[in-house]
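**Student:** Encoded as structure tokens, here's the structure I'll be asking about.
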Amino acid sequence: HMLAAGSDAAAAFAVKPIGTGPYVVDAFAPNDAVQYSINPNYREPNKPFFKTVNLKGGGDAASAARAVLQTGDWDFAWNLQVDPEILNGLAEGGQGDLVIVPGTAVEFIALNFSDPNKEVDGQRSQWQTPNPVLGDKTVRQALALGVDRQTISENFYFGPPGEPPASNILLGIAGAESPNTSWEFDIDQGNALLDAAGWVREGDVRQKNGVPLNITYATTSQNEVRQNTQAVIKGDWEKMGFCVELLQIEASVFFDTSAGNDQTFYHMYWDVHEYAWSPAGPYPLSYMLRWVSHDGENIPQKENGWAAVNEERYTNPAYDALYDEAAQETDPQRAAELFIAMNDMLIDDVVVIPIVQRASEKYGLAKTLNKENIAGGPFESLYWNIANWNRTN
């Protein structure tokens with residue numbers, strides 16, 4: 178066996194692997210480039226279509242987009258996380274097409290059902306200590322009404338159809354996407370709800386029974402799209418009498434799982450936070466686990482080292498029952514019905530506020546490449562069928 182020689186063989190294999198794919202590695206420069214040539218033993222006759230493939234890394238996404246869409250120096254550029262206005266401008270260069278593939282990721286706001294400001298048993302956001310503001314469903318409904326998803330979708334993302342406003346937390350999986358939900362942006366209705374629930378304005382900020390309508394809103398830093406989204410939402414929420422404090426946390430800290438780091442999304446030492454998440458596969462059981470309580474066992478707490486996933490501290494036995502049934506269900510149609518029911522419960526109870534359905538892929542493609550043979554999707558690498566890629570001529 179080629180790896181029998183030990184560590185030296187393994188190191189050589191890491192930079193020049195041999196597999197069963199359409200191409201083999203000729204040269205690999207870490208953090209720079211990979212050069213491939215046709216695998217002479219590939220199983221499909223007359224494939225692949227290109228004699229060589231060169232992948233170039235490094236640089237920035239805007240430069241990669243320009244090299245395909247504007248100058249035509251390269252054929253393909255993927256993961257183009259570039260401001261929509263800039264990317265659309267580059268797409269007018271005439272050398273390539275900008276392709277946006279809808280995905281399963283949702284940019285959303287998660288709401289903390291526990292109190293992030295009160296310490297109990299050596300921790301804040303203790304799951305049995307209700308949030309004095311967000312514990313009121315009327316407040317959560319007002320917050321949802323105050324999120325201008327259309328403006329956010331069209332100004333900070335690519336808008337419909339690739340990145341449309343979202344009304345579901347489970348999206349992009351055929352058969353499991355709920356047809357039962359909707360969204361609306363209505364500041365006046367949000368104000369009316371808060372008035373009827375007894376949240377009274379005292380100056381710019383409402384209060385009820387001495388509790389001010391204060392919200393701390395966290396997201397990741399060094400992300401212009403999220404900071405812009407925060408600013409829009411803060412302005413609209415404050416029109417309804419909320420006092421909103423914005424927090425930006427470095428992504429490596431925010432998504433860290435260390436028990437000693439209290440600035441993580443699992444600690445959730447604030448009222449709401451925003452980020453994107455998506456199912457790992459077409460059967461989204463692990464994704465929907467995120468809102469299961471199981472009597473607190475699935476809620477991140479000091480007692481379990483914050484090693485659980487229900488960050489919102491949402492506790493609903495009816496939701497748990499739906500999940501438990503789905504975990505044992507073998508009929509695909511019934512499972513889809515259960516996933517839809519779970520989604521609808523989360524939306525109705527305003528556990529989360531979906532904002533935008535994120536694209537799974539944004540890539541630039543030379544006009545000389547056959548677009549129909551490049552089959553992107555939310556659960557696959559774009560290169561999975563590179564054996565089929567060819568020129569239009």
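The opening position of the sequence shown corresponds to residue 178 in my numbering, with each subsequent residue numbered one higher. Ideal placement from N, C-alpha and C gives every residue a C-beta, glycine not left out.
Which one of 224, 558 and 468 has the shortest CA to CA distance from residue 524?
**Tutor:** 468
**Student:** Residue 246: buried (16+ other C-beta within 10 angstroms of its C-beta) or exposed?
**Tutor:** buried
**Student:** Write down every uninterrupted run of the beta strand (DSSP E) in the region 282 to 329 whose length is 3 residues or greater and which is fully enclosed by it, in chain order.
**Tutor:** none
**Student:** How about residue 489 and residue 320: do their beta carbons lie closer than 8 Å?
**Tutor:** Taking 8 Å as the Cβ cut-off, residue 489 and residue 320 do not qualify as a contacting pair.
**Student:** By Cβ distance below 8 Å, which residues in the same chain neighbour residue 527 in space, the five residues on each side in sequence not counted?
**Tutor:** 288, 314, 317, 318, 320 and 321
**Student:** When the Cα atoms are used, what is the spatial distance from residue 186 to residue 195?
**Tutor:** 12 Å
**Student:** Residue 232 to residue 566, Cα distance in whole Å?
**Tutor:** 15 Å
**Student:** Under a Cβ-count criterion, where at least 16 other Cβ atoms within 10 Å of its own Cβ denotes burial, should residue 418 be classed as buried or exposed?
**Tutor:** buried
**Student:** Does the region 415 to 430 come within contact of the region 392 to 400, defined as at least 3 CB pairs closer than 8 Å?
**Tutor:** yes
**Student:** Under DSSP, the beta strand (DSSP E) around residue 536 begins and ends at which residues?
**Tutor:** 529 to 543
**Student:** Counting pairs of beta carbons, one from the region 322 to 331 and one from the region 483 to 501, are three or more of them closer than 8 Å?
**Tutor:** no
**Student:** Quick test of the definition: if touching needs 3 or more C-beta pairs under 8 Å, does the region 282 to 298 touch the region 440 to 452?
**Tutor:** The count of Cβ pairs closer than 8 Å, one atom from the region 282 to 298 and one from the region 440 to 452, reaches three, so the stretches are in contact.
**Student:** Taking 7 Å as the limit between beta carbons, can you name the residues of its chain near residue 180, skipping five residues before and five after?
**Tutor:** 186, 187 and 190
**Student:** Spatial neighbours of residue 329 within its chain, please: C-beta separation below 7 Å, excluding the five flanking residues on both sides.
**Tutor:** 406, 409, 532 and 533
**Student:** So, residue 208 versus residue 235, is the Cβ gap smaller than 8 Å?
**Tutor:** yes
**Student:** If you reduce the DSSP assignment to three classes, tell me which class residue 232 lands in.
**Tutor:** strand
**Student:** With a threshold of 7 Å on Cβ separation, who are the neighbours of residue 193 within its own chain once the five nearest residues in sequence on each side are excluded?
**Tutor:** 202 and 205
**Student:** Which residue wins for smallest C-alpha separation from residue 569, given the options 331, 543, 481 and 312?
**Tutor:** With distances taken between Cα atoms, residue 569 lies closest to 543.
**Student:** Between the alpha carbons of residue 336 and residue 262, how many angstroms are there, rounded?
**Tutor:** 12 Å
**Student:** Assuming contact is defined by CB atoms lying nearer than 8 Å, are residue 479 and residue 300 in contact in what I supplied?
**Tutor:** Between residue 479 and residue 300, the C-beta spacing is below 8 Å.
**Student:** Since residue 537 and residue 282 should fall inside the 8 Å C-beta cutoff, what is the C-beta to C-beta distance between them, to a whole number of angstroms?
**Tutor:** 7 Å
**Student:** Can you tell me which of the three DSSP states residue 183 falls into?
**Tutor:** Three-state result, residue 183: coil.
**Student:** Among all the DSSP beta bridges, which residues are the ones paired with residue 385?
**Tutor:** Answer is 388.
**Student:** What number of angstroms, rounded off, separates the C-alpha of residue 238 from the C-alpha of residue 257?
**Tutor:** One Cα belongs to residue 238, the other to residue 257, and the distance between them is close to 5 Å.
**Student:** Buried or exposed: which applies to residue 483, given that a residue is buried once 16 or more other Cβ atoms fall within 10 Å of its Cβ?
**Tutor:** buried
**Student:** Report all residues from its chain with a CB closer than 8 Å to the CB of residue 302; omit the five preceding and five following residues, and keep chain order.
**Tutor:** 289, 291, 292, 293, 444, 445, 446 and 490
**Student:** Going by beta carbon distance, what residues of the same chain come within less than 6 Å of residue 562, once the five residues before and after it are set aside?
**Tutor:** 552
**Student:** Would you grab the beta carbon distance between residue 392 and residue 459 for me? Rounded to a whole angstrom, and I think it's under 8 Å.
**Tutor:** Not quite, the Cβ-Cβ distance comes to about 35 Å (not below 8 Å), so this is no contact.
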